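Counting in the working numbering, the sequence shown runs from 245 upward without gaps. Note that CB positions come from ideal geometry on N, CA and C, so glycine has one too. Everything numeric in this text was worked out from a predicted model, so none of it was measured. Notes follow once the structure below has been shown.
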Amino acid sequence: MLKTNFTFLVLCFFFILIKIISISLTDFNLHGDEAQYWLWSKEIDFGYYSKPPLLAWFVYVICFIFGNSFFVIKMIPIGLYCISSYLIFILTNMLWRNVGMALCTATAFFLMPAVTFSSFLLSTDILLVFFWIFGMMQILKIREAPNLLNFFLLGFALGMAFLAKYAAIYFVISLILLLIFEKKLSSIFFKNKIGFFLFVFTTIVILAPNIIWNYNHSWITFEHTSDNASLNRINFNFFGGLEFFISQIIMVGPVVVFTFFYYLKKNLKIDF
Numbered sequence: 245m246l247k248t249n250f251t252f253l254v255l256c257f258f259f260i261l262i263k264i265i266s267i268s269l270t271d272f273n274l275h276g277d278e279a280q281y282w283l284w285s286k287e288i289d290f291g292y293y294s295k296p297p298l299l300a301w302f303v304y305v306i307c308f309i310f311g312n313s314f315f316v317i318k319m320i321p322i323g324l325y326c327i328s329s330y331l332i333f334i335l336t337n338m339l340w341r342n343v344g345m346a347l348c349t350a351t352a353f354f355l356m357p358a359v360t361f362s363s364f365l366l367s368t369d370i371l372l373v374f375f376w377i378f379g380m381m382q383i384l385k386i387r388e389a390p391n392l393l394n395f396f397l398l399g400f401a402l403g404m405a406f407l408a409k410y411a412a413i414y415f416v417i418s419l420i421l422l423l424i425f426e427k428k429l430s431s432i433f434f435k436n437k438i439g440f441f442l443f444v445f446t447t448i449v450i451l452a453p454n455i456i457w458n459y460n461h462s463w464i465t466f467e468h469t470s471d472n473a474s475l476n477r478i479n480f481n482f483f484g485g486l487e488f489f490i491s492q493i494i495m496v497g498p499v500v501v502f503t504f505f506y507y508l509k510k511n512l513k514i515d516f
């Protein structure tokens, strides 16, 4: 395990080194959204026009410690993706008890085109991904040890994920589906009423200041998110769906996607 951790640290080192060189060789400035998040960090609040407040808070803390340089701001996504990758390593090892597979999964995360590209950009996704993975780890821990601390940490992870990006609602949907199909976990959740209450209560307490802020500002962030989602303009068409599917393959990486379907076919004995 010590050798594997060293290998992972070396991987992170080279990943960060490549990014540092790339940042040093570019004369790009912050693009619109990045500049907006940085400006928000100068006026700390419980909410902002288009996004929840967590990223602005995080940028404020990092810039307070290390300064407001372009280099520091660009290193935020790189550092967070390295930490998220290590959490994926831990999560995979918790699932399969296979260190080699865990290292392979963490490396695949590094090499995903979406991660490679977005590691240059300051966005709300970096914190959402971090807390999403952390939340998945807590679900596995609850399955093995359903104590109050693990329920609290799950609520903390979900609350912080919502403060990063409202797309955390998909975590809730996924958890509900998991509880429907995973009988052991659903039994644990329903039998541990205090733990379940603590999980929900913690999530609500963390999210409450942002909800109150939105209430006092005519639900402006929720309205903006709804407009972006275009829920009232959903138009089903084959080519649009195909374009979306192909874009997801490109973002994840064709090698990872086709490897996934290969092992899905192999393990479930599906004939394509």
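Tell me, to the nearest whole angstrom, how far the beta carbon of leucine 442 is from that of glycine 403; I am working on the premise that it is less than 8 Å. Not a contact, Cβ separation roughly 12 Å.
Given leucine 347, which residues of its chain have a CB within under 8 Å of its CB, disregarding the five upstream and five downstream residues? Thr248, Thr251, Phe252 and Phe333
If the criterion is Cβ atoms closer than 8 Å, does the pair proline 297 and aspartate 289 meet it? yes
Residues near phenylalanine 259 in its chain [Cβ-Cβ closer than 7 Å; skip 5 each side]: Cys326 and Phe354
Taking 8 Å as the threshold (C-beta atoms), are alanine 412 and leucine 372 in contact? yes
Within 10 Å of its beta-carbon, does isoleucine 370 have 16 or more other beta-carbons around it, so buried, or fewer, so exposed? buried
Report the option in Ser363, His275, Tyr293 and Cys307 whose CA atom is closest to the CA atom of lysine 286. Cys307
Quick one: residues in its chain with C-beta nearer than 6 Å to the C-beta of tryptophan 457, no 5 flanking neighbours on either side, listed in chain order? Phe290 and Gly291
Assign proline 390 to one of three DSSP states: helix, strand, or coil. coil
Roughly how far, in whole angstroms, is the beta-carbon of isoleucine 322 from the beta-carbon of serine 367, given that I think they are within contact range, below 8 Å? Not quite, the Cβ-Cβ distance comes to about 12 Å (not below 8 Å), so this is no contact.
N- and C-terminal bounds of the alpha helix (DSSP H) containing tyrosine 459: 437 to 460
With distance defined between alpha-carbon atoms, name the residue in Leu365, Ser266 and Ala389 nearest to isoleucine 320. Leu365
Taking only runs that begin and end inside the region 377 to 433, name each unbroken alpha helix (DSSP H) of 4 or more residues, in chain order. 392 to 408 and 413 to 425
In whole angstroms, what is the alpha-carbon distance linking phenylalanine 516 and tryptophan 463? In this prediction, phenylalanine 516 has a pLDDT of 46, which is less than 50 and means its spatial position is unreliable; what the coordinates show is noted afterwards. Roughly 47 Å separates the two Cα atoms.
Does tyrosine 281 get closer than 8 Å to chain B when you measure Cβ to Cβ? Considering every chain present, this structure includes no chain B. It has just one protein chain.
The alpha helix (DSSP H) that contains glycine 323, what's its start and end? 314 to 340
What is the rounded straight-line gap between the Cα of phenylalanine 434 and the Cα of leucine 331? 27 Å
Since alanine 350 and phenylalanine 375 should fall inside the 8 Å C-beta cutoff, what is the C-beta to C-beta distance between them, to a whole number of angstroms? Not confirmed; about 17 Å, so no contact.
Cα separation between leucine 429 and leucine 423? 6 Å
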